[in-house]
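Numbering (the working numbering), first residue to last: 2 to 147.
Cβ coordinates follow ideal geometry from the N, Cα and C atoms, glycine included.
Since we're looking at a predicted model, the values are computed, not measured.
What follows is the structure in C-alpha cells.
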C-alpha cells in the first residue's frame with residue numbers, strides 16, 4: 002500500500018504540517034495544511050470571497066469529498082500565474098494532494114481518483130511553442146490555388 006503522493010511532502014510531524022503543489026498550464030499553487038478548524042485561505046483571503054463562482058466550486062470539490070476530514074485542518078494556499086480558472090484547478094490539485102498526504106488515507110485517495118483522475122495527477126497538456134516566421138504555433142499564410 003503506497004500512499005506517497007507526488008507533489009506533497011510532510012514538513013514536520015508534531016504538529017503535522019504538509020506542503021503540496023498543484024499546477025495547471027502556467028498557474029502554480031502551493032498549499033500548506035496544518036491542524037485547525039476547517040479554514041481555507043487563498044492568497045490570504047477566505048475561499049468564500051473568491052470572485053468567480055464556478056472557480057470557487059472547483060476549489061471546493063476536494064473539501065466536499067473529504068467531508069468531516071476537511072474540518073480538522075486549516076489550509077493556506079498561495080497561487081500565482083495563469084488565469085482565474087487555471088489558478089482554481091491548480092489550487093484544487095494542491096488541496097487534494099495535501100489532504101491525501103496529511104491524513105495518509107487510501108480511501109480518500111481512491112475516492113479522488115474515482116471522482117476525477119486528474120485531481121491528483123494534474124493535467125499534462127501545455128501550450129504549443131510559437132514557431133519562427135509565423136504569428137502563432139500553427140498559423141500560416143493563406144494559400145490560393147487559383
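query = If you run the structure through DSSP and keep just helix, strand and coil, what is residue 25?
reply = For this step, residue 25 is matched to residue 24 along the chain shown. Three-state DSSP puts residue 25 in a strand.
Status (buried if at least 16 other CB within 10 Å, exposed otherwise) for residue 23 = Counting from one through the chain shown, the residue named residue 23 turns up at place 22. Buried, by the Cβ-count rule.
task = Would you list the one or two residues that DSSP bridges to residue 13?
result = In the chain shown, the residue the question calls residue 13 occupies position 12. Paired residue(s): 18.
task = Please report how far the alpha carbon of residue 51 lies from the alpha carbon of residue 134, in whole angstroms.
result = Residue numbering aside, residue 51 sits at position 50 when the chain shown is read from its first letter. Residue numbering aside, residue 134 sits at position 133 when the chain shown is read from its first letter. Approximately 41 Å between the Cα atoms of the pair.
query = Is DSSP giving residue 119 helix, strand or coil here?
reply = For the purposes of this step, residue 119 is taken as residue 118 along the chain shown, with counting starting at 1. Helix, per DSSP.
message = Less than 6 Å between C-beta atoms, sequence neighbours within five positions excluded: which residues of the same chain meet that for residue 12?
response = For the purposes of this step, residue 12 is taken as residue 11 along the chain shown, with counting starting at 1. Closer than 6 Å at the Cβ level, and outside the excluded window around residue 12, lie 18 and 20.
task = For residue 1, count neighbouring Cβ atoms within 10 angstroms of its own Cβ and tell me buried if that reaches 16, exposed if not.
result = As shown, the chain starts at 2 and ends at 147. That puts residue 1 outside it, with no answer to give.
query = For chain D, is any of its Cβ atoms less than 9 Å away from the one on residue 109?
reply = Absent from the structure: chain D. Only one protein chain is present.
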